[in-house]
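Just below is one structure, and these are the notes that go with it.
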Amino acid sequence: MGLVCSTGGELPISGPVVGCPVCDNRPSEQATWAGQFQVSQERLQHLARWNEQAPFFSTFEGLVDYLTGQTTSDVERFWVLFHWIQLECRRHEQTHKPQSEDSPWGFLRAVQNGTRSHAELYKKLCRTARLKCKIVSGLCKSIADTSEEASVTGGASKSSWNEVTINGRRGLVDCRLELDFEQIRIPPFYFLSQPTHFTTAHFPDNRSHQLLEVNITLEQFQGHVNCFPHFFDLEKDAIENHSGDVSTNDGIAVLKLGTTKPVKCCLQSSDRITVQSRFDLSKHVKQLRTSVDGQVAIIVRPPFLGRYKLKVWLQDEKSDTLLPVCRYTIVCGKVAKDCSPFKSDAESHQRTYQRKKKNRTSTSSQEPTKPTRPSSITWSDEPVSSPGKSRSVRTRLQEDKYSDQVSSEVAPTENMPPVEGNADYPKTYKAWTRECVLYRPKARTLSKGALVKFKLAVPHINRLAVLLPFSEDGYKKVPLKSRDGGTTWKGKARVPNGDDAERRYVFVVGTPNGTTEGQYLLEYDIELHDLRDSRLKPLPDGFTYHIMISYSWAQQEVIIKVKEHLNKVGYRVWLDKDEMGGTMLESMARGVRSSAIVIIAFSEDYVISDNCKREANFASDQKREIVPLKMTTYYPDNWLGMLISGKYYVDFSSPGPLVDKLKELEFQIENRLKKLAQ
């Protein structure tokens, strides 16, 4: 298998460039790219694991000798140096000892501070490995670039990248642009890319570095659509718009893309606002599958004159993630006669239902007619019972003191069979329809007291509740709250005991109200072990938390942000604000004993606090892994200085984005967890 760049397709046949001067161009005879080298995915994974284990080196020679120690060819040597930059720029470990700029870590710190470039670092590594590499400067486009300079130069800004030589042929590498991806890609896209693909985002000052058979002009580069690598996954012959600017015709613009995958679009104004005045621009875009196989047509009907940004994504059918494809500029010089928003499918169903409702006649004395069961939904007429006792949800709700306040006026759609008021039992549905969406609840663990959060999108409801199994003879009702007028409902509840893993959660929409008992009821069965968050990282043996944070209340605002971020990336965090129970000393001791790592957020206030001193000393006595956070410019020279001496700390007092410091903290935590797992 070749070392490919995540995009395929055959090269165009030799001859004059016909069609797009960028996409339909050809590499020059001097060019080389990744697809010409036979390096397997397994081989790249092996070299990546070798890079991840690289120890600290104070010289470039020592680092390069280690990185290239497992390589067998020049292309592998170029790749491991490229991958090391991707790896370190994402985790950038901090050291206490100052490093000279001639060292790898000093040079890397200069790159992160903006005083040196990624291209200079890559050239330094390649020259140390005796590989041919030069720096190329020019304009670079990125779909995420919103700088003022980029807007002036057609979406491009000044940058630099590298040109390497392998077996007498020239290839193109961009370490910085590859860092725009959230995760390291193996194989990477901007390492030895096909020149035709590379040129969509790069325009060198010296056009001989384009490595194309027919060099393109600056106007052609700036006029081409801003595209991401997945743009080249589209069927090239089915793409009608390679130009970045698309003008409307009688107020309507139509773009056609060649793909069988689901497409998502977002229309924004020139200043990247989706909802402007009373117009929701997302409703002015519509997608149609054309009669031609493998094509999708995107219809844009702007509500007023001006320039708009249209972003296009492809949906990965395996992971349901959205993959960025390209960004067009829609130029509207004339508004269409009918510039109203496109009607959604849900609104069409609602109008159909209202029309049918007028023609339907029924009396309360007649037995309700069972509607036809739609093929897309399964439903049953049985009442929902408590697991321990033969007691229906209907009976339980009638006894609830809030049941008279709950409205059941749900506007059913064509896919929702209507339920008459005199039905014997509430109707229960085993699936959710387009009008009612459940966001799967998440629970961090299955332990006692686990917090479960609920989020539902159910329109046309005045009050909503969730029924949870509370005891052997009934349910506990958890009211949900809505802050957007009854469209989205949120709530949370704690699991009462550890035996709930086999119990059922029942979600109720439209509880009994007055005489129309059980007019509408939705049921969703789920067991607690299905609620485990897939992002939760494995816990070390014997611990119920990954981390405990010991801090002074003077830094509580920042610490809460740290805790929320660590929760989002999959760590269980013990914080006194949420976990206190019993006496203060008992709670602090329990937090230290149940956590694998203790974060000490030190400052002047921390040092003078007796409770903070007890926590830190107890963590040291329990031989917990300690990660210090420097919250202010203060550095301790007392008991705390002795305790954290020689340990790496994450500096939260230095200027710079908080997200960079959180990434560095993640790296320190991962290192400690790997050490515990050994």
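Mapping the sequence shown onto the working numbering, position 580 (from 1) lands on 576, and the numbers just tick up by one.
Virtual Cβ for every residue (Gly too), placed ideally from N, Cα, C.
In three-state terms, what does DSSP make of P200? Taken through DSSP and simplified to helix, strand or coil, P200 comes out as strand.
Can you check whether the CB of I295 is closer than 7 Å to the CB of V18? No, they are not a contact pair.
Which whole-angstrom value describes the C-beta separation of C129 and V160, a residue pair presumed to lie in contact below a C-beta threshold of 8 Å? Correct: roughly 5 Å between the Cβ atoms.
Tell me whether the beta-carbon of A597 lies closer than 7 Å to the beta-carbon of L639. The answer is no: Cβ separation not under 7 Å.
Looking at the unbroken alpha helix (DSSP H) that takes in Q218, where does it start and where does it end? Its alpha helix (DSSP H) spans residues L214 to G219.
Counting Cβ pairs, one atom from each stretch, are 3 or more of them under 8 Å apart for the stretch 579 to 593 and the stretch 559 to 566? By the criterion of at least three beta-carbon pairs nearer than 8 Å, the stretch 579 to 593 is not in contact with the stretch 559 to 566.
Exposure label - N21; buried when at least 16 CB within 10 Å: The residue in question, N21, is buried, as its Cβ has 16 or more Cβ neighbours within 10 Å.
N- and C-terminal bounds of the beta strand (DSSP E) containing H79: DSSP places H79 outside any beta strand (DSSP E); the residue lies instead in the alpha helix (DSSP H), whose first and last residues are D70 to R87.
Which residue comes first and which comes last in the beta strand (DSSP E) that contains C136? Annotation: the continuous beta strand (DSSP E) that includes C136 extends over C129 to K137.
Considering Cα atoms alone, identify which of P183, G58 and L77 is closest to S99. Comparing Cα-Cα distances from S99 to each of P183, G58 and L77, the minimum goes to G58.
Among K305, L207 and L83, nearest to L175 - alpha-carbon criterion: Measuring from the Cα of L175, the nearest candidate turns out to be L83.
To which residues does DSSP link G167 through a beta bridge? Looking at the DSSP assignment, G167 forms a beta bridge with V160.
Can K260 and L318 be called in contact, C-beta distance under 7 Å? Yes, they are a contact pair.
Looking at the secondary structure, which residues open and close the alpha helix (DSSP H) in which K339 lies? Segment: none, K339 is in no alpha helix (DSSP H) and carries neither H nor E.
Tell me P23's beta-bridge partners as DSSP assigns them. Beta-bridge annotation (DSSP): P23 is paired with L208.
Please look up how many angstroms separate the CB atoms of L168 and P191, rounded, as I've assumed it's under 8 Å. Correct: roughly 6 Å between the Cβ atoms.
What's the C-alpha gap between S204 and S54? Approximately 37 Å, taken between the alpha carbons.
For G164 and Q26, what's the separation of their Cα atoms in angstroms? Take the alpha-carbon of G164 and the one of Q26: they are about 8 Å apart.
On the criterion of 16 or more Cβ atoms from any shown chain inside 10 Å, does P23 qualify as buried, or is it exposed? Burial call: buried.
Assuming contact is defined by CB atoms lying nearer than 7 Å, are R297 and V327 in contact in what I supplied? No; because the gap between Cβ atoms is not below 7 Å, this pair is not in contact.
According to DSSP, simplified to helix, strand and coil, what is P100? Here P100 sits in helix by DSSP.
Using 10 angstroms around the beta-carbon of Y602, count the other beta-carbons present and answer buried if the total reaches 16, otherwise exposed. Burial is judged here by how many other beta carbons sit within 10 angstroms of a residue's own beta carbon; Y602 has at least 16 and is buried.
What did DSSP end up calling P632 once you bin it into helix, strand or coil? Residue state, collapsed to three classes: coil.
Using beta-carbon positions only, say whether S649 and C608 come within less than 7 Å of one another. The Cβ atoms of S649 and C608 lie no closer than 7 Å to each other.
Does DSSP put T64 in a helix, a strand or coil? Looking at T64 - three-state DSSP - the assignment turns out to be helix.
Reference R123; option with closest CA among D241, T64, I235 and S133: If we check each option's Cα against that of R123, T64 comes out closest.
What would DSSP say about W29, mapped onto helix, strand or coil? Secondary structure of W29 (DSSP, three-state): coil.
Cβ pair L310, H226 closer than 7 Å: Contact check for L310 against H226 passes: the beta carbons are separated by less than 7 Å.
Could you give the DSSP three-state label for A115: helix, strand or coil? In this structure, DSSP gives A115 a helical state, which the three-state scheme calls helix.
Between the CA atoms of H42 and D61 - distance to the nearest angstrom: Their backbone Cα atoms lie some 17 Å apart in a straight line.
Just to confirm before moving on: does the CB-CB distance between I595 and L625 stay below 7 Å? Annotated as proximal: I595 and L625, with beta-carbon spacing under 7 Å.
Quick test of your reading: L277 and Q264, contact by CB under 8 Å. State the CB separation rounded to the nearest angstrom. Cβ atoms of L277 and Q264 come within 8 Å of each other, at about 6 Å.
How far does the alpha helix (DSSP H) with W46 in it reach, from first residue to last? Its alpha helix (DSSP H) spans residues Q37 to E48.
Residue range of the beta strand (DSSP E) that G302 falls in? According to the DSSP assignment, G302 belongs to the beta strand (DSSP E) that extends over G302 to Q311.
Within the same chain, show all residues whose beta-carbon is closer than 6 Å to that of T628, passing over the 5 residues directly before and after it, in chain order. Within the same chain, T628 has close Cβ partners S599 and S649.
Using 7 Å as the threshold, is the C-beta distance between A197 and K154 below it? No; because the gap between Cβ atoms is not below 7 Å, this pair is not in contact.
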